[in-house]
Amino acid sequence: GNVIKTVAEKTGEVVVGKVPDRTTVLMMVIDKEYSDETGEYQYPRTDSLVLANYDNVNKRLSLMSIPRDTIVEVSDEMFAKMRSEFPEPGKKQMKINAIYHYGGKDHGIEYLETEIERMFGVKPDYYVCVNFDGFNYIVDSIGGVEFDVPIDMKYDDPYQNLHIDIKKGLQVLDGDKAQQFVRYRKDNYGNGYSGGDIERIAVQQAFVKALMAKASKSDTVFKNIFSYLNAFNKYVKTDATVNDMARY
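If you want the numbering used here, it's the 1-based position in the sequence shown plus 3.
This is the structure in structure tokens:
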């Protein structure tokens, strides 16, 4: 533990380059990218989108969730590119979670960043993309997250192989249960959060805060550092370099 801590401290000392006053990061959680049976690319959608801003002057991290059902109208140019590579979409107006889907493995992130810049006037400095397998792995690596689930959650979707069954109340959520929890929207009868997608986002944010609070404790970090590195190598796509990550 002390050796790893010393290495981390020395790494921070020797890394060249100052963190800028402001850094914007587009964070996304996506569905499964490749089929377990065939290995083919499945054109996933972004289940969760967060635009993060790190204020290095005041040492504050701000997170803004973007509802997955936000309706956008892409440019003529982007629509033409999508149509040239994919038989859909049928119209320029679409939910924002579909942009990554229509961009495919070669252009999904590029198209999404372009739309984010058009909407908010800020081009992300970096992107971080993780799938649900990586989410499960990280939650399990820290021994789960204690959370007070606000409502009973029951939902079954054989098409997505998504089965949610969680009871209301304070409990420790392992990776599988945590994924069920953050993915829950409504039951099979259309009943769910009274506040719809906005309330879902608020609950997701509360869970992420609880996850970050536990995962960022120094004893948790150094006990799980190899799990984190393995998760990054296996499950996370980002254009941030190792040098970038060490600086931050």
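All C-beta atoms, glycine included, are put in the ideal place defined by N, C-alpha and C.
With 16 other CB atoms within 10 Å as the buried threshold, where does residue i fall?
i       : result
Thr-244 : exposed
Asp-39  : exposed
Lys-180 : buried
Leu-232 : exposed
Ser-51  : buried
Pro-161 : exposed
Asn-236 : exposed
Phe-123 : exposed
Tyr-44  : exposed
Ala-209 : exposed
Pro-127 : buried
Gly-178 : buried
Ile-102 : buried
Lys-170 : exposed
Val-17  : Below a pLDDT of 50, predicted positions are generally treated as unreliable, and Val-17, at 48, falls in that range; no measurement from the model is reported.
Can you give me the start and stop residues for the beta strand (DSSP E) that residue i sits inside?
i       : result
Ala-55  : 49 to 58
Thr-96  : Note that residue 96 is Gln in the sequence shown, not Thr. Segment 96 to 98, the beta strand (DSSP E) holding Gln-96.
Val-152 : 148 to 152
Ile-33  : 25 to 33
Arg-86  : First-last for Arg-86: 79 to 88, but that is the alpha helix (DSSP H), not the beta strand (DSSP E).
Val-75  : 74 to 76
Ser-68  : 63 to 68
Whole-angstrom Cβ separation of residue i and residue j, contact assumed at under 8 Å?
i       : j       : result
Asp-24  : Asn-56  : Going by Cβ atoms, the distance from Asp-24 to Asn-56 rounds to 11 Å, so no, they are not a contact pair.
Ile-167 : Gln-183 : 4 Å
Val-131 : Val-239 : 6 Å
Gly-137 : Ala-234 : 5 Å
Asp-151 : Leu-115 : So it is not a contact: roughly 33 Å between Cβ atoms.
Gly-106 : Glu-113 : 7 Å
Ile-145 : Lys-212 : About 14 Å; that fails the 8 Å criterion.
Glu-149 : Val-175 : 5 Å
Thr-49  : Ile-33  : 6 Å
When you compare each of the options to residue i by their alpha carbons, which one comes out closest?
i       : options                               : result
Phe-229 : Leu-173, Ile-141 and Asp-159          : Ile-141
Ala-159 : Asn-139, Lys-170, Leu-173 and Asn-191 : One detail in the question is off: residue 159 reads as Asp in this sequence, not Ala. With distances taken between Cα atoms, Asp-159 lies closest to Asn-191.
Val-53  : Pro-47, Tyr-44 and Leu-64             : Leu-64
Tyr-129 : Thr-117, Phe-138 and Gln-174          : Thr-117
Asp-109 : Pro-47, Phe-235, Ser-68 and Asn-139   : Pro-47
Arg-186 : Leu-173, Gln-163 and Ala-101          : Gln-163
Met-67  : Gln-207, Gly-137, Tyr-238 and Leu-214 : Gln-207
Arg-188 : Met-248, Lys-157 and Glu-149          : Lys-157
Ile-99  : Thr-241, Ala-213, Glu-76 and Phe-225  : Glu-76
Asp-143 : Val-28, Arg-250 and Thr-223           : Thr-223
Ser-197 : Phe-135, Pro-153 and Tyr-103          : Pro-153
Gln-96  : Pro-90, Phe-89 and Phe-82             : Phe-82
Asn-134 : Gly-193, Thr-241 and Arg-250          : Thr-241
Lys-35  : Leu-165, Tyr-251, Asn-194 and Asp-200 : Leu-165
Gly-199 : Met-31, Thr-26 and Asp-72             : Asp-72
Pro-70  : Val-22, Met-31, Ile-169 and Asp-247   : Met-31
Leu-29  : Glu-149, Asn-194, Ile-119 and Asp-155 : Ile-119
Gly-111 : Lys-21, Asn-227 and Lys-84            : Lys-84
Lys-62  : Asp-155, Gly-195, Gly-193 and Thr-26  : Thr-26
Gly-195 : Asp-155, Ser-219 and Asn-227          : Asp-155
Tyr-37  : His-104, Asp-79 and Ser-221           : His-104
At which residues does the alpha helix (DSSP H) containing residue i begin and terminate?
i       : result
Asn-233 : 228 to 238
Asn-246 : 245 to 250
Glu-120 : 102 to 123
Tyr-129 : Counting along the chain, Tyr-129 falls outside any alpha helix (DSSP H), though it belongs to the beta strand (DSSP E) covering 129 to 134.
Closest Cβ-Cβ distance between residue i and chain C: below 7 Å?
i      : result
Ser-38 : This model lacks chain C altogether, as it is built from one protein chain only.
Can you list, in chain order, the stretches of the alpha helix (DSSP H) that have 4 or more residues and sit fully within the stretch 159 to 238?
178 to 186, 199 to 218, 221 to 226 and 228 to 238
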